[in-house]
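**Q** There's a structure below that I have some questions on.
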Amino acid sequence: MQVSSCPICDVSINSQFRFCQNCGVDLALAANLAADALSAASTPLKFPVSPEILIPRLGEKLVQRGVVTEEALQTALLYQKEQATLNKPVLLGQALIHLGYLDRTTLDQTITAQILDLQTALSRNNRDLEKRVQEYTADLQRALQKLSELNQLKSNFISNISHELRTPLTHVKGYLELMADESLGPLTGEQVDATHVMGRAVERLENLINDLIKFSETAKGGMSLQLTHFDLPKLLERVRLQALEKAEKRHILLQNKIPENFPRIVADEENIHWVLSQLVDNAIKFTNPGGKVTVSVTQEGPKAIVSVADTGIGIPQERVDEIFLPFHQLDNSPRRRYGGTGMGLALVKRILEAHNAVLQVQSIPGKGTRLQFVLPVANSLP
Ligand SMILES: Nc1ncnc2c1ncn2[C@@H]1O[C@H](COP(=O)(O)OP(=O)(O)OP(=O)(O)O)[C@@H](O)[C@H]1O
Ligand SMILES: [Mg+2]
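First residue of the sequence shown: 267, per the numbering used here; consecutive thereafter.
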């Protein structure tokens, strides 16, 4: 067993112990303090190494403990200065001993007591720190709880408000249809035009409300899918025809690229219809007049790879993750150029996740964007 001596009382200690068996000092703490003091002292050492170098403001402590008087301290400090000018530096404790104000045993006892005080202060600080960490953790847990309550409140609000909006809208739509087919009396040419404009506005509003209901339902927890085998090219053609008017108005070429005899796929047809409509709607919206939007599907073994590509404004690489945040648009400035609520892709992502599919984004700002996902081909399933 290795044996050395305590840096405070100089009694032999066994390196197995954390505390000096004679003076009780924490040996690790004493060693640390000694190392700090040694590195703080300039090289070569001006003072002899002594336990007293471990104690900051020793003079003050000696006076506080009533071991020496204030006058004795001042005299010793003066003596220390004189010795320093004579190039014979002494530590304060040694100066007090030289001058006869203090004996070695009392100095050692004071130093030991002081180190024990430091040690107590250190463990008190550690306990305080632990308590503060516990308090912060509890604060964070409370904030998290509050956040999830607010999130629930938001979902309930969206769900309730969209159901409430649907009822009056059904009345508006019903009476509008009665007016449009002249069941409520003949209409002038201008009134017919007006009913068309109102009809389109009601349709937009209805779509928005239905999307909000869909969004709040998926937010409440897992989506339930109605999986069937269906004809994907037929669905893609339906989506193209539905978006054609909008594309033509914006002078954008909208085309499908579909191979002959494409096998049926397995998915929730209504939800995939919704996903494709959103992707095509975005592609048209974020492409400038003269651009092109291409929807294509290819087969790779058991996979049907569906992609919607445009020659539009693109998405900066570092902002790709943002496009899936609910109610968030990349251009959210007050003068934003593109309409919408920023809900489309958040819901697209949830629907595709329910199908175990991932929406991949490839984009070059100023050149265009391609969004792609994979669905299973029907005959590939066991
Ligand atoms: N094809 C695309 N090209 C460039 N940016 C796109 C494209 N698709 C989506 N984005 C960006 O992602 C954002 C989020 O799209 P998302 O479909 O969720 O919302 P939106 O289209 O703005 O509104 P909403 O879908 O509710 O009508 C868009 O606002 C746009 O900034
Ligand atoms: Mg959209």
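Backbone N, C-alpha and C define an ideal beta-carbon position, used for all residues, glycine too. What you are looking at is a predicted structure, and each value in this text was computed from that prediction instead of being measured.
Let me know the secondary structure DSSP gives residue 610 once reduced to three states.
**A** Of the three classes helix, strand and coil, the one that applies to residue 610 here is helix, per DSSP.
**Q** Name the DSSP beta bridge partners of residue 522, please?
**A** DSSP output for residue 522 lists 561 as bridge partner(s).
**Q** From the DSSP output, read off the bridge partner residues of residue 634.
**A** Answer is 630, bridged to residue 634.
**Q** By alpha-carbon positions, which one of 282, 384 and 625 ends up nearest to residue 295?
**A** When each option's Cα is compared against that of residue 295, the closest is 384.
**Q** So what does residue 574 bridge to, in DSSP terms?
**A** 561 and 637, per the DSSP bridge assignment.
**Q** Could you spell out where the beta strand (DSSP E) holding residue 533 opens and where it closes?
**A** Segment 531–534, the beta strand (DSSP E) holding residue 533.
**Q** Using a Cβ-Cβ cutoff of less than 6 Å, which residues in the same chain neighbour residue 519 once the five nearest sequence positions on both sides are dropped?
**A** These residues qualify, in order along the chain: 558.
**Q** Identify whether residue 283 lies in helix, strand or coil by the three-state DSSP scheme.
**A** Coil at residue 283, not helix or strand.
**Q** Roughly how many angstroms lie between the CA atoms of residue 311 and residue 402, to the nearest whole one?
**A** The predicted position of residue 311 is uncertain, since its pLDDT is 48 and thus under 50; a value taken from the coordinates is nonetheless stated next. The straight-line gap from Cα to Cα measures roughly 45 Å.
**Q** Could you check if residue 606 belongs to the surroundings of ligand 3, using beta carbon to heavy atom distance under 8 Å?
**A** What this structure holds is ligand 1 and ligand 2, not ligand 3.
**Q** Less than 8 Å between C-beta atoms, sequence neighbours within five positions excluded: which residues of the same chain meet that for residue 458?
**A** Excluding sequence neighbours, residue 458 sits near 446.
**Q** Tell me whether residue 421, by its Cβ, gets closer than 8 Å to a heavy atom of ligand 1.
**A** Residue 421 Cβ: outside cutoff for every heavy atom of ligand 1.
**Q** Can you tell me whether residue 615 is buried or exposed, with buried defined as 16 or more other CB within 10 angstroms of its CB?
**A** When all chains shown are included, residue 615 counts as buried.
**Q** Scan the region 408–490 and note each continuous alpha helix (DSSP H) run of 4 residues or more that stays entirely inside, going in chain order.
**A** If we require 4 residues or more, the alpha helix (DSSP H) runs fully inside the region 408–490 come out as 455–485.
**Q** For my contact list, residue 524 and residue 502 are in at a C-beta cut-off of 8 Å; report their separation, rounded to the angstrom.
**A** Indeed, because the Cβ distance is near 6 Å, the residues count as touching under 8 Å.
**Q** Nearest to residue 320 by alpha carbon, out of 636, 377 and 589?
**A** Minimum Cα distance to residue 320 is reached at 377.
**Q** Considering only heavy atoms of ligand 1, does any lie closer than 8 Å to the CB of residue 594?
**A** The answer is yes for residue 594.
**Q** Hey, would you say residue 639 sits closer than 9 Å to residue 618, going by beta carbons?
**A** Yes, the Cβ-Cβ distance between residue 639 and residue 618 is below 9 Å.
**Q** Can you tell me whether residue 621 is buried or exposed, with buried defined as 16 or more other CB within 10 angstroms of its CB?
**A** Under this definition residue 621 is a buried residue.
**Q** Does residue 381 pass the burial test, meaning 16 or more other C-beta atoms within 10 Å, or should it be called exposed?
**A** When all chains shown are included, residue 381 counts as buried.
**Q** Under 8 Å from any heavy atom of ligand 1, does the C-beta of residue 612 make it?
**A** Indeed, a heavy atom of ligand 1 lies less than 8 Å from the Cβ.
**Q** Taking the alpha carbon of residue 322 as the reference point, which residue from 363, 470, 353 and 358 has its own alpha carbon closest?
**A** For the residues 363, 470, 353 and 358, the minimum Cα distance to residue 322 belongs to 358.
**Q** Can the beta-carbon of residue 606 be found less than 9 Å from the beta-carbon of residue 551?
**A** A contact, by the Cβ cut-off of 9 Å.
**Q** For the beta strand (DSSP E) that contains residue 495, what are its first and last residues?
**A** From DSSP, the beta strand (DSSP E) with residue 495 extends over 493–496.
**Q** Heavy atom of ligand 2 less than 8 Å from the Cβ of residue 391, yes or no?
**A** Because no heavy atom of ligand 2 lies under 8 Å away, the Cβ of residue 391 does not count as near it: no.
**Q** Count the other CB atoms, across all protein chains shown, that sit within 10 Å of the CB of residue 271; report buried if there are 16 or more and exposed otherwise.
**A** Classification of residue 271: exposed, given that the 10 Å Cβ count is below 16.
**Q** If you draw a straight line from the alpha carbon of residue 575 to that of residue 522, how long is it in whole angstroms?
**A** About 10 Å.
**Q** Is there contact here, the region 467–475 with the region 426–441, by at least three beta-carbon pairs under 8 Å?
**A** Counting Cβ pairs under 8 Å, three or more are found: they touch.
**Q** Determine, using beta-carbon pairs with one atom in the region 410–429 and one in the region 478–495, whether at least three such pairs fall under 8 Å.
**A** A contact exists between the region 410–429 and the region 478–495.
**Q** Taking 8 Å as the line, does the beta carbon of residue 632 fall inside it for any heavy atom of ligand 1?
**A** Flag unset: Cβ of residue 632 not near ligand 1.
**Q** Does the beta-carbon of residue 551, which I'm using as the reference point, lie nearer than 8 Å to any heavy atom of ligand 2?
**A** The answer is yes for residue 551.
**Q** Based on DSSP bridge pairs, tell me the residues matched to residue 566.
**A** For residue 566, which the question treats as bridged, DSSP gives the partners 569.
**Q** Consult DSSP for residue 624 and reduce its assignment to one of helix, strand or coil.
**A** Note: residue 624 maps to coil in three-state DSSP.
**Q** Around the Cβ of residue 626, are there at least 16 other Cβ atoms within 10 angstroms (buried) or fewer (exposed)?
**A** Classification for residue 626: exposed.
**Q** Based on the DSSP output, what are the partners of residue 278 in its beta bridges?
**A** Looking at the DSSP assignment, residue 278 forms a beta bridge with 271.
**Q** Kindly indicate which residue of 276, 416 and 584 has the alpha-carbon position closest to the one of residue 375.
**A** Here the closest residue by C-alpha is 276.
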